[in-house]
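Before any comments, here is the structure.
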Amino acid sequence: MNAFDQRLKENNKYPLKAEDINTLQVNIGYRCNLTCTHCHVEASPDREEMMSVSVMSHVIDVLDGNDRIDTVDITGGSPELNPYFMYFVNLSVSAGKRVMIRTNLTLYTEPDMRGLLSFYAEKGVKIIASLPCYTEDGVDRQRGKGTYQKAISVLKELNSLGYGKEGSGLELDIMFNPFGPGIAPDQRMLEEAYRQKLWEMHGIVFNHLIALSNMPIGRLGHSMSGTEKIEYLKHLEENFNPQTVDNLMCRHLISVSPDGRLFDCDFWQMLNLPVKSEYSTIERFNYDALSKREIVTNQLCFMCTAGAGASCTGALT
Ligand code: SF4
């Protein structure tokens, strides 16, 4: 039994099982215009993995056939770089689902990408914008020179379309992650700091802040020594909070890779640890079986359960 399962057992929460599936988190391609230092996907302009129209159509079939899935969370890389991105967004919206896009924002400064912002507003798509710091230095250090100014100009444009403004119905969340290994600070306090700074410095508003810790895999994992990794995992384990377990994202979502395979989360997708089920592809999706599946665990799950907990939608407690 691994150390994480042992802690679950001590807290009468073993084995870790899914409770339902309300979200399909669909990774439509690992290509990205940036090469951020923390990226667990190791996304870059050179990645070629891209979801095909045929896999997308299986995803849409699952959305059409399962009312209990109410959200489509579209991610990448930069999902906008998939040539069938708009087609997929359109079909997901037509399926009656809540659609959210995870973006690094900077692509929308390219002339041929600008139009996507009004497309999102027209479709009522939610934007989850990664902005790892409210200072220029903090963002440029993680993402590359000039990325902060680009992101800020796009946030202003999103605000001018109504995003992040009360009563508009257009949601804009900002996603924070630390520079290196570390548990994300208190989400509520960080949200207030972002709100104040972005307003004072740029007149920018947003709905909520999502604080995510960094998983020591992918590009961040490669940059750490063996000792650093062991110490970070020990630190996460020491901060294990059993109250986070019921809300873990893997208990309520399933992650789809560009080639249509299914995973408990995007992290396991990157580590090639598929769901423990005979229904392990989107083509063979079976809601009843998958919504009760036992979740694959290992020591890295302490990242999601340390402190206030961490997930793609924010803190868990
Ligand atoms: S890493 Fe987190 S989301 Fe993934 S299986 Fe472990 S606890 Fe669940």
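Numbering of the sequence shown is given in numbering that gives the first Met the number 0, commencing with residue 0 and proceeding in unit increments. Built from N, CA and C at the ideal position, the CB exists for glycine as well.
Is DSSP giving residue 102 helix, strand or coil here? Position 103 of the sequence shown, counting from 1, holds the residue named residue 102. Strand.
Three-way DSSP call (helix, strand, coil) for residue 70 in this model: Along the sequence shown, read from residue 1 onward, the residue named residue 70 stands at position 71. Here residue 70 sits in strand by DSSP.
Residues of its chain near residue 316, where Cβ-Cβ distance is below 6 Å and the 5 sequence neighbours each way are ignored: Against the sequence shown, residue 316 aligns to sequence position 317. Excluding positions up to five away in sequence, the list reads 242, 243, 307 and 308.
Any residues whose CB sits closer than 6 Å to a heavy atom of ligand 1? List them in chain order? This selection yields 247, 248, 249, 263, 264, 266, 267, 294, 296, 299, 300 and 303.
Would you mind listing the beta strand (DSSP E) stretches within the segment 148–184 that are 3+ residues and don't spill past its ends, in chain order? If we require 3 residues or more, the beta strand (DSSP E) runs fully inside the segment 148–184 come out as 171–175.
Can the beta-carbon of residue 180 be found closer than 8 Å to that of residue 206? For this step, residue 180 is matched to residue 181 along the sequence shown. For this step, residue 206 is matched to residue 207 along the sequence shown. Contact check for residue 180 against residue 206 fails: the beta carbons are separated by 8 Å or more.
Would you call the segment 218–227 and the segment 47–58 touching, i.e. three or more CB-CB distances under 8 Å? By the Cβ test, the segment 218–227 is not in contact with the segment 47–58, since fewer than three Cβ pairs between them sit closer than 8 Å.
CB contact flag (residue 254, residue 26, <8 Å): As a first step, residue 254 is located in the sequence shown; it is residue number 255 there, counting from the start. As a first step, residue 26 is located in the sequence shown; it is residue number 27 there, counting from the start. It is a contact, given that the beta carbons lie within the stated cut-off.
Three or more C-beta pairs below 8 Å linking the segment 17–32 and the segment 69–78: The segment 17–32, when compared against the segment 69–78, does touch it at the 8 Å Cβ threshold.
How long is the line joining the alpha carbons of residue 89 and residue 122, rounded to whole angstroms? Here the question's residue 89 lines up with position 90 in the sequence shown. Here the question's residue 122 lines up with position 123 in the sequence shown. Residue 89 and residue 122 have their C-alpha atoms spaced approximately 8 Å apart.
Mind checking which residues open and close the beta strand (DSSP E) that includes residue 323? No statement about residue 323 is possible, as the shown extent of the chain runs from 0 to 316 and does not include it.
Below 8 Å, can you find three or more Cβ-Cβ pairs linking the segment 187–198 to the segment 137–150? Because the criterion of three Cβ pairs below 8 Å is not met, the segment 187–198 and the segment 137–150 do not touch.
Three-state class that DSSP yields for residue 262 in the structure shown: As a working note, residue 262 is residue 263 in the sequence shown. Here DSSP, grouped into helix, strand and coil, assigns residue 262 to strand.
Locate the beta strand (DSSP E) running through residue 252, then write down its first and last residues. Within the sequence shown, the letter at position 253 stands for residue 252. Going by DSSP, residue 252 is part of the beta strand (DSSP E) stretching over 252–255.
Could you say if the segment 298–306 and the segment 195–206 meet the contact criterion of at least three C-beta pairs nearer than 8 Å? With the rule of 3 Cβ pairs closer than 8 Å, the segment 298–306 does not count as touching the segment 195–206.
Give me the Cα-Cα distance between residue 167 and residue 120, rounded to the nearest whole angstrom. For the purposes of this step, residue 167 is identified with residue 168 of the sequence shown, where counting begins at 1. For the purposes of this step, residue 120 is identified with residue 121 of the sequence shown, where counting begins at 1. The straight-line gap from Cα to Cα measures roughly 10 Å.
Mapping DSSP to helix, strand and coil, what is residue 291? Position 292 of the sequence shown, counting from 1, holds the residue named residue 291. In this structure, residue 291 counts as coil in the three-state DSSP scheme.
Would you kindly check if the distance between the Cβ of residue 218 and the Cβ of residue 36 is under 8 Å? As a first step, residue 36 must be located in the sequence shown, where it is residue number 37. As a first step, residue 218 must be located in the sequence shown, where it is residue number 219. The beta carbons of residue 36 and residue 218 sit closer together than 8 Å.
Backbone CA spacing between residue 64 and residue 94 [nearest angstrom]: Taking the sequence shown and counting its residues from 1, one reaches residue 64 at position 65. Taking the sequence shown and counting its residues from 1, one reaches residue 94 at position 95. One alpha carbon belongs to residue 64, the other to residue 94, and they sit about 9 Å apart.
Residue 80 in three-state terms, based on DSSP: Here residue 80 refers to the residue found at position 81 of the sequence shown. Of the three classes helix, strand and coil, the one that applies to residue 80 here is helix, per DSSP.
Who are the near neighbours of residue 284 in its chain, counting only those whose CB is closer than 7 Å to its CB and skipping five residues on each side? Numbered from its first residue, the sequence shown carries residue 284 at position 285. Once the five neighbours on either side are set aside, the close Cβ partners of residue 284 are 61 and 278.
Within its chain, find whatever has a CB closer than 7 Å to the CB of residue 282; leave out the 5 residues flanking it on each side and keep chain order. Within the sequence shown, the letter at position 283 stands for residue 282. Within the same chain, Cβ atoms closer than 7 Å to the Cβ of residue 282 are found at 57 and 259, the five residues on either side in sequence being excluded.
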